[in-house]
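Enquirer: Under our numbering, the residues of the sequence shown are numbered 4 to 369, in order.
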Amino acid sequence: MLTTDSLYHLALTLREQPSLREALVTALNALLRSAEYGRWLETEQFAEERFTLPYQWPGDPKHKHLLENLTLVREDELQVKVERHGDAICLTDGLWAPPRYRVFPFIDESERLMEYIRGAKEGEQPLFSWPTALVDPATGSGHHPLYMSHVESRIGLDISVRAQAYCVLNKYLNGQGEQRNFLIGTNDIRLGLPDVLVRGLFGRVLFVVNMPFAITPLLQSGGHVLPMSAEGGEMGADFTLAALRAIQQCASRIPAERARACILNYSVGRSSRGPWFIEEEARKLFGEAKVKYTVLLGEKMWRINGRKEQTNPMPIGSLSRKADCKYYVSDARREETRAGYQERERQLDRAGWKFLAYGIVDIDVL
Numbered sequence: 004m005l006t007t008d009s010l011y012h013l014a015l016t017l018r019e020q021p022s023l024r025e026a027l028v029t030a031l032n033a034l035l036r037s038a039e040y041g042r043w044l045e046t047e048q049f050a051e052e053r054f055t056l057p058y059q060w061p062g063d064p065k066h067k068h069l070l071e072n073l074t075l076v077r078e079d080e081l082q083v084k085v086e087r088h089g090d091a092i093c094l095t096d097g098l099w100a101p102p103r104y105r106v107f108p109f110i111d112e113s114e115r116l117m118e119y120i121r122g123a124k125e126g127e128q129p130l131f132s133w134p135t136a137l138v139d140p141a142t143g144s145g146h147h148p149l150y151m152s153h154v155e156s157r158i159g160l161d162i163s164v165r166a167q168a169y170c171v172l173n174k175y176l177n178g179q180g181e182q183r184n185f186l187i188g189t190n191d192i193r194l195g196l197p198d199v200l201v202r203g204l205f206g207r208v209l210f211v212v213n214m215p216f217a218i219t220p221l222l223q224s225g226g227h228v229l230p231m232s233a234e235g236g237e238m239g240a241d242f243t244l245a246a247l248r249a250i251q252q253c254a255s256r257i258p259a260e261r262a263r264a265c266i267l268n269y270s271v272g273r274s275s276r277g278p279w280f281i282e283e284e285a286r287k288l289f290g291e292a293k294v295k296y297t298v299l300l301g302e303k304m305w306r307i308n309g310r311k312e313q314t315n316p317m318p319i320g321s322l323s324r325k326a327d328c329k330y331y332v333s334d335a336r337r338e339e340t341r342a343g344y345q346e347r348e349r350q351l352d353r354a355g356w357k358f359l360a361y362g363i364v365d366i367d368v369l
């Protein structure tokens, strides 16, 4: 696994050497076009195995040597995961990285948000082309600001220094490094949004948030089994609620003429048609008429071993399937985790929460 320092070092190298950046982009594009890497993305990445470069490199052999010189390849194994997201190439951790440090390794959630934003409107204008400022308070490796590179001013925040390192690396890899309007910083969304950031948000602001964290199993020991990067509390909503509150709290201070928020989330509900907990909480904060909740009915949910295979919405009784996720739960704690999820299922059911939905809450902030 590449160290966080090495990610920053590579980012600075690409910033200082544009010709090297162009050569690396060419090499990564050759990799992304190869049938071998395509097959790895479809199946083998879920076995927690790094991609092994084929004997015949797909293109000029000097591209392979470049990846080796930049330590992105060691002993013929790729040390990062590479995916295309819109026009951007995104590097991040693979599933082999320890959960405690792993930067979110999938782009599908960002793809769902971007699809929603592409199909939504702000007045007569497509929402995708509407904002002059984009704020992503849980940016990970930078999927949203990289995809929406046309936005005049973009801000990506994350509590993880490693996530920020990937975001900086992807920024320079995609030739967006010298644009002074793409800022990356540290923030804990549970503490709100920095006042210095809020007071600098002019024009038309779009908050884009990806926070479908898992419901936490109710363990007899009272401890934790999921890493912080996956654990969302007893309803899976802790970080979503933090994001809602942070955006609502900054609404009175933001100098923008208009602001809107799109937040991907998990939400418990009373039935397969709702009402949904996150929708209700958002309405309390922003007002009945300012909130729209959309369940992504065509999508699978509740990722286990890398794949989302449950129907959306999902019965609460399926929560315990998460105990079979080898990426977060060790064999030694699997049955304890299963029992913890079963207890959480009973607790939620008694409280009247029968389903879990994967959806987007869309808010007219200003």
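C-beta: ideal position from N, C-alpha, C; glycine also.
Nothing here was measured: the structure is a model prediction, and the numbers come from that model.
With a CB to CB cut of under 8 Å and the five nearest residues on each side skipped, what residues in its chain are close to Glu114?
Expert: Taken in chain order, the residues that qualify are His88.
Enquirer: Please tell me whether Glu282 and Tyr296 are closer than 8 Å, where the distance is taken between their beta carbons.
Expert: Going by C-beta atoms, Glu282 is nearer than 8 Å to Tyr296.
Enquirer: With DSSP run on the structure shown, which of helix, strand or coil describes Glu125?
Expert: Residue state, collapsed to three classes: strand.
Enquirer: Spatial neighbours of Leu221 within its chain, please: C-beta separation below 7 Å, excluding the five flanking residues on both sides.
Expert: If we look at Leu221 and ignore the five residues flanking it on each side, its Cβ neighbours are Gly343, Glu346, Arg347 and Gln350.
Enquirer: Between the C-alpha atoms of Glu291 and Pro258, what's the straight-line distance to the nearest angstrom?
Expert: The straight-line gap from Cα to Cα measures roughly 23 Å.
Enquirer: State whether the region 185 to 202 contacts the region 142 to 162, with contact taken as three or more CB pairs (one from each stretch) at a distance under 8 Å.
Expert: Judged by Cβ distances under 8 Å, the region 185 to 202 makes contact with the region 142 to 162, as three or more pairs qualify.
Enquirer: Check whether the region 242 to 257 and the region 320 to 335 are in contact - that is, three or more C-beta pairs closer than 8 Å.
Expert: The region 242 to 257 is not in contact with the region 320 to 335.
Enquirer: Have a look at Arg337, Val294, Lys174 and Gly226 and flag the residue whose alpha-carbon is nearest the alpha-carbon of Ala14.
Expert: Residue Lys174 is the option with its Cα nearest to Ala14.
Enquirer: In terms of alpha-carbon separation, which member of Lys303, Tyr150 and Trp99 lies closest to Phe54?
Expert: Among Lys303, Tyr150 and Trp99, the Cα nearest to that of Phe54 belongs to Trp99.
Enquirer: Determine the extent of the beta strand (DSSP E) in which Ile363 is found, giving its start and end residues.
Expert: That run of the beta strand (DSSP E) goes Phe358 to Asp367.
Enquirer: With DSSP collapsed to three states, give me the class of Asn268.
Expert: Looking at Asn268 - three-state DSSP - the assignment turns out to be strand.
Enquirer: Within 10 angstroms of the Cβ of Asp8, are there 16 or more other Cβ atoms? Answer buried if so, exposed if not.
Expert: Result: exposed.
Enquirer: Alpha carbon to alpha carbon, what distance is there between Trp305 and Lys384?
Expert: Since the first residue of the chain shown is 4 and the last is 369, residue 384 is not available in this structure.
Enquirer: According to the neighbour-count rule (16 or more other Cβ atoms, all chains shown, within 10 Å of its Cβ), is Lys65 buried or exposed?
Expert: The residue in question, Lys65, is exposed, as its Cβ has fewer than 16 Cβ neighbours within 10 Å.
Enquirer: At the level of alpha carbons, what is the spacing between Phe289 and Ile250?
Expert: Roughly 10 Å between the two C-alpha positions.
Enquirer: Contact check, Asn315 vs Tyr361 under 8 Å by CB: the rounded distance?
Expert: The pair is a contact, with the Cβ atoms about 5 Å apart (cut-off 8 Å).
Enquirer: What are the residues that DSSP puts in a beta bridge with Phe185?
Expert: Phe185 is bridged to Arg157.
Enquirer: Identify every residue that forms a DSSP beta bridge with Met317.
Expert: According to DSSP, which records beta bridges pairwise, Met317 is partnered with Leu359.
Enquirer: My output table needs one value for Tyr150: the three-state DSSP class, helix, strand or coil.
Expert: Looking at Tyr150 - three-state DSSP - the assignment turns out to be helix.
Enquirer: Do Ala136 and Leu204 have their CB atoms nearer than 8 Å?
Expert: Yes, they are a contact pair.
Enquirer: Quick one: Cα of Gly206 to Cα of Trp133, how far?
Expert: When rounded, the distance between both Cα atoms is 10 Å.
Enquirer: Provide the residue span of the beta strand (DSSP E) that contains Val298, from first to last.
Expert: It spans Val294 to Val298 - the beta strand (DSSP E) in which Val298 sits, taken as one unbroken run.
Enquirer: Does Val76 come out as helix, strand or coil in the three-state DSSP assignment?
Expert: Three-state DSSP puts Val76 in a strand.
Enquirer: Based on DSSP bridge pairs, tell me the residues matched to Glu86.
Expert: Looking at the DSSP assignment, Glu86 forms a beta bridge with Cys93.
Enquirer: Along the alpha helix (DSSP H) that carries Ala14, what are the first and last residues, could you check?
Expert: Where Ala14 is concerned, the enclosing alpha helix (DSSP H) stretches over Thr7 to Glu19.
Enquirer: Determine which residues share a DSSP beta bridge with Val237 and list them.
Expert: Residue identity differs from the one stated: residue 237 is Glu in this sequence, not Val. Answer is none; Glu237 lacks a bridge partner.
Enquirer: For Ala136, write down the residues that DSSP places opposite it in a beta bridge.
Expert: For Ala136, which the question treats as bridged, DSSP gives the partners Ser156 and Val208.
Enquirer: Tell me the residue span of the alpha helix (DSSP H) that contains Phe280.
Expert: Run containing Phe280: Phe280 to Phe289, per the alpha helix (DSSP H) assignment.
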